[in-house]
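Colleague: Each number in my numbering corresponds to the 1-based position in the sequence shown with 3 added.
The beta carbon of each residue, even a glycine, is placed where N, CA and C say it ideally should be.
Just passing along the structure, written as structure tokens.
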Amino acid sequence: MIGERITTGSPFEAMAGYSRAVVDGDLVYISGTTGYDSKKKCYPADVKDQAVLAFSIIEAVLHEAGSKLENMIRIRVYVASREEFEEIKPIIKAKCEAASPANTTIICELAEEDMRVEFEVTAKI
């Protein structure tokens, strides 16, 4: 049986019927997490602001699961353009450097026009 499911109250979780994260054994799998500002109900215009906000959500979910960024074993980065990837590289490095996780970066169109970056994370607990 799969363990705890973690939700953040994001409207997207309810709309699409998924959990922000699922704990299975000593691993936590975090769904694609964006920099959506739930208080302002929008995405910040700047990709760097979106990345910082997304990582703050990821950190909170990891904490709730009993983990932390330093325990990341894999990250997937989905970003809307190569130029924006260049802008967020320092943020990704700062957040991932201690864990040095496996990383896959994909340049692609994202689900919403204002969405510029999305991260998926797997971490040990």
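Tell me the residue span of the beta strand (DSSP E) that contains ALA105.
Modeller: Where ALA105 is concerned, the enclosing beta strand (DSSP E) stretches over 105-110.
Colleague: Starting from LEU56, trace the beta strand (DSSP E) in both directions and tell me its first and last residue.
Modeller: No beta strand (DSSP E) holds LEU56; the alpha helix (DSSP H) holding it covers 50-68.
Colleague: With a cut-off of 8 Å on the beta carbons, I'd call LEU113 and TYR81 a contact; round off their distance for me.
Modeller: So it is a contact: roughly 6 Å between Cβ atoms.
Colleague: Helix, strand or coil for ALA114, going by three-state DSSP, please let me know.
Modeller: Coil at ALA114, not helix or strand.
Colleague: Since I believe CYS111 is in contact with ILE78 (beta carbons under 8 Å), could you give me their beta-carbon distance rounded to a whole number of angstroms?
Modeller: Actually they do not touch by this definition, with Cβ atoms about 16 Å apart.
Colleague: Assign THR37 to buried or exposed, taking buried as 16 or more other Cβ atoms, counted over all protein chains shown, within 10 Å of its Cβ.
Modeller: Per the 10 Å Cβ criterion, buried.
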